[in-house]
DNA sequence: AAACTGACTGTTA
DNA sequence: GTAACAGCCAGTT
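Numbering (the numbering used here), first residue to last: 669 to 771.
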């Protein structure tokens with residue numbers, strides 16, 4: 669496809685199965701830029717207000733939410749609501765909930 | 001157009 | 001085992 673990077677990220681985001689999470693690296697890889705993990709975060713941070721994309725399904729490679737506290741709480745709530753569980757360290761078990769790009 | 005920034009990641013110290 | 005450093009690359013100013 670010829671879409672620009674953010675567009676690809678949006679489409680990948682929309683493709684994350686409910687109850688799964690993707691790391692920035694995974695999304696970057698699927699967006700054909702394996703080293704642009706950072707940029708994925710940059711895009712999510714500046715997501716358009718009218719976007720209804722499941723941005724909350726994106727965490728860092730440790731399965732940990734990587735943002736300031738206010739949004740952190742909001743994201744965690746969303747994930748819990750989708751059946752994603754956090755361990756005592758507030759980390760998601762990526763071996764269980766991590767999305768490999770194939771459901 | 002050039003420079004700065006960052007919701008990451010992998011490697012070294 | 002934790003802490004710091006450096007690449008990375010696309011968005012923003």
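Glycine residues also receive a C-beta, built at the ideal position from the N, C-alpha and C atoms. Remember, predicted model here, so these are calculated numbers, not experimental data.
Bridge partners of residue i, per DSSP?
{"i": "residue 690", "result": "726"}
{"i": "residue 754", "result": "760"}
{"i": "residue 766", "result": "689"}
Report the CB separation of residue i from residue j in whole angstroms; it is logged as a contact under 8 angstroms.
{"i": "residue 677", "j": "residue 725", "result": "Not really, about 12 angstroms apart at Cβ, beyond 8 angstroms."}
{"i": "residue 693", "j": "residue 750", "result": "The Cβ separation is near 21 angstroms, so there is no contact."}
Could you please give the first and the last residue of the uninterrupted alpha helix (DSSP H) stretch that includes residue i?
{"i": "residue 713", "result": "705 to 713"}
{"i": "residue 738", "result": "737 to 749"}
{"i": "residue 673", "result": "673 to 683"}
Pick from the options: whose alpha carbon is nearest that of residue i?
{"i": "residue 674", "options": "694, 693, 686, 699", "result": "699"}
{"i": "residue 768", "options": "680, 747, 737", "result": "680"}
{"i": "residue 685", "options": "721, 737, 716, 696", "result": "721"}
{"i": "residue 712", "options": "701, 702, 695", "result": "695"}
Q. Is it a yes or a no for the region 747 to 764 touching the region 730 to 737, going by three-plus beta-carbon pairs under 8 angstroms?
A. yes
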